[in-house]
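Per this note's numbering, the sequence shown starts with residue -7, numbered consecutively.
Every residue gets a Cβ at the ideal spot worked out from N, C-alpha and C, and that includes glycine.
Source: prediction; values computed, not measured.
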Amino acid sequence: MAAGGGKSDDFQPFPVKDQLPGVDFCLSSTPPWPEAVLLGFQHYLVMLGTTVIISSIIVPLMGGGNVEKADVINTVLFVAGINTLLQTLFGSRLPVVIGGSYAFIIPTISIALSRRYSIFVDPHRRFKASMRDVQGSLIVASFFTMVIGFFGFWRIISRFFSPLAAIPLVILTGLGLYAQGFPQLARCIEIGLPALVAVVFLSQYVPHFLKSRRGIFERFAILFSVAIIWAFAEILTAAGAYDKRAPQTQFSCRTDRSGLISAAPWIRFPYPFQWGRPRFNAGDAVAVIAASFVAIIESTGTFITASRYASATPMPPSVLSRGVGWLGVGLLLDGLFGTGSGSTASVENAGLLGLTRVGSRRVIQISALFMLFFSVLGKFGAVLASIPLPIMAALYCVLFAYVASAGLGLLQFCNLNSFRTKFIVGFSVFMGLSVPQYFNQYLLVSGHGPVHTRSTWFNNVMQVIFSSPATVGFIVAFFLDCTHSYGHSSVRRDSGRHWWEKFRNFNADTRSEEFYSLPANLNRFFPSF
């Protein structure tokens, strides 16, 4: 007994866990099939928000209307389903959804607003011409990503990763998307705020009141919340609550303003080159390559999050590089089919793994089948895609927070009493938030970024890289971790490298094969080093 009558165990630090405890279904396990199907549908519902947001931004600027927007959304869903299956089967093997990426919005908008399209009077022809240029740039960028991944360059870089460098990366992968949270929720506060309260109450409080049905509310809080608040929004719309409100308010709050349901076809199969033959422009391609580099870094943060919430061991560098290579294949499919934007590992779906405590790979594969199904049956998918975006923003407030907390969880591997650790974590997180804020605010006020030269492609490259909190934070943290007090005897342990060293090689820990080996014994032909 310790002084004061307390148990000695009360004063012992919590043990370090290289696999997250408390997960109900880990990476290689599968829930009962009815539950797995509902969880897969929930993941599909969560990824819809980003798909609709990105398409709603870029399609009108390219000259498209509701018909084109519906077609692009269905194309994004179709390609996302294929990419998610490829990533879970042959890539990282983690339970990650591969969906649209915000990193590609800047170069896509730059292409859409190019003066070269001023010759087009017909908006539909202008849309197709700009889409073909985006396709060409995505195809070029895909080869960059595939080379980085399949040729092992990211494996070499990731061998120098430590938990200390990964902490700011994962934290900012979640926190860096704060603009998609409450600011979007507040566009229709009367449905966004109740949605946020519903998610928190159903997922965090109700399970403790109803312990016998705890798993139901923890795992399906998203479905319950969306159904309740969506029905509430339908009632407000039908009652005429928004009839005399401002157009922007009506667009955010009403359930019948998206235009997707009437514009979407009943059945449509997306196919390669549906907008025409891709066209290639060197300047556009370089800017999109920069966006693909940002997507690699942000996806790495999402991969680390998914591995934690799936109760898997840290990813071997070879597996991480393999996952990046298949991200490149996904970019190639984006370019061939014409999604208008590149893809990345979905942050919100990684957060959903933590909310549900279900990190099953099979659940994500089921969600991919929902993407393929609803992308072909356009009307049915459009109904779900018409959910008011403030409801989706409420979900993001919770899901992005789970991703950020996964980064905080990596602090257990580091020496928190080290001033070196304090400086690197604090400085990199601060710079990861401050630098993108400066670049984004400058763009909003001036109409162009702080780097404003005669070379549009160079301006876009700088804006894309330094507008990403995760990218800036990771670059700062990785540089400092590799150079600050390098060679000092305490650095290895302070940064937590010794905890991850046993996973540097694929065969060094038997659990790596359990979680990350390829199916059908394909490791014989594609060995991991």
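Distance between D276 and Q455, taken at the CA atoms: about 14 Å. Collapsing the DSSP output to three states places S310 in a helix. Here F261 has V368 as same chain residues with Cβ atoms under 7 Å from its own Cβ, once five neighbours each way along the sequence are excluded. Taking the Cα of S284 as reference, the smallest distance to any Cα among P442, C474 and A95 is reached at A95.
Within its own chain, the residues whose Cβ lies closer than 8 Å to the Cβ of Y263, once the five positions on either side in sequence are excluded, are F329, listed in chain order.
Taking a contact to require three or more Cβ pairs closer than 8 Å, the stretch 423 to 440 and the stretch 459 to 479 qualify as touching.
Of R489, F17, Q11 and P7, the smallest CA-CA separation from S352 is found for F17. One alpha carbon belongs to I356, the other to W318, and they sit about 16 Å apart. Per DSSP, reduced to three states, the secondary structure at G73 is helical. Boundaries of the beta strand (DSSP E) harbouring G91: I90 to G92, taken from the DSSP string. Here S310 is buried. Its C-beta has 16 or more other C-beta atoms within 10 Å.
CA-CA distance, W492 to G57, rounds to 50 Å.
Only residues of its own chain outside the window of five on either side were considered, and among them G128 and V132 have a CB closer than 7 Å to the CB of F272, listed in chain order.
The stretch 395 to 476 is shown to contain whole alpha helix (DSSP H) runs of 4 or more residues at 411 to 438, 448 to 458 and 461 to 475, in chain order. Around the C-beta of F3, fewer than 16 other C-beta atoms lie within 10 Å, and the residue is accordingly described as exposed.
Across the structure, G92 and R485 are spaced so that their CA atoms are roughly 38 Å apart.
Per DSSP, S481 lies in no beta strand (DSSP E) and is assigned neither H nor E. Ranked by Cα distance from I65, the options G373, G343 and L12 are led by G373.
Under DSSP, V350 shares a beta bridge with F17. For S335, the uninterrupted beta strand (DSSP E) segment begins and ends at S335 to A337. P382 is not a Cβ neighbour of T247, given a cutoff of 8 Å.
Minimum Cα-Cα distance from I103 among the listed residues L130, L81 and L77 corresponds to L130. For A282, the enclosing alpha helix (DSSP H) covers residues A274 to Y301.
L177 is not a Cβ neighbour of L167, given a cutoff of 8 Å.
When C-alpha distances from A287 are compared across R503, M138 and E60, the shortest belongs to M138.
The C-beta distance from G370 to A256 rounds to 4 Å, short enough to meet the 8 Å contact threshold. Where F135 is concerned, the enclosing alpha helix (DSSP H) starts and stops at P115 to F142.
Straight through space, the alpha carbons of V29 and T336 are spaced by roughly 24 Å. Within its own chain, the residues whose Cβ lies closer than 6 Å to the Cβ of V390, once the five positions on either side in sequence are excluded, are V191, listed in chain order. Distances from the alpha-carbon of V51 to those of M363, P26, M123 and L436 put M123 closest. Check the Cα spacing between Y170 and each of S410, A377 and G424: the tightest is with G424. Taking all protein chains in view, the Cβ of K203 is surrounded by fewer than 16 other Cβ atoms within 10 Å, so the residue is classified as exposed. For F209, same chain residues with a beta-carbon under 8 Å away, outside a window of 5 residues either side, are L194, S195, V198, P199, L202 and F216 in chain order. Fewer than three beta-carbon pairs drawn from the stretch 409 to 429 and the stretch 299 to 314 are found closer than 8 Å, and the two stretches are therefore not classed as touching. Sequence-distant partners of G83 (beyond 5 residues in either direction) whose C-beta falls short of 7 Å from its own C-beta, in its chain, are R314, G315 and W318. In this structure, T305 keeps its C-beta atom at 8 Å or more from the C-beta atom of D125.
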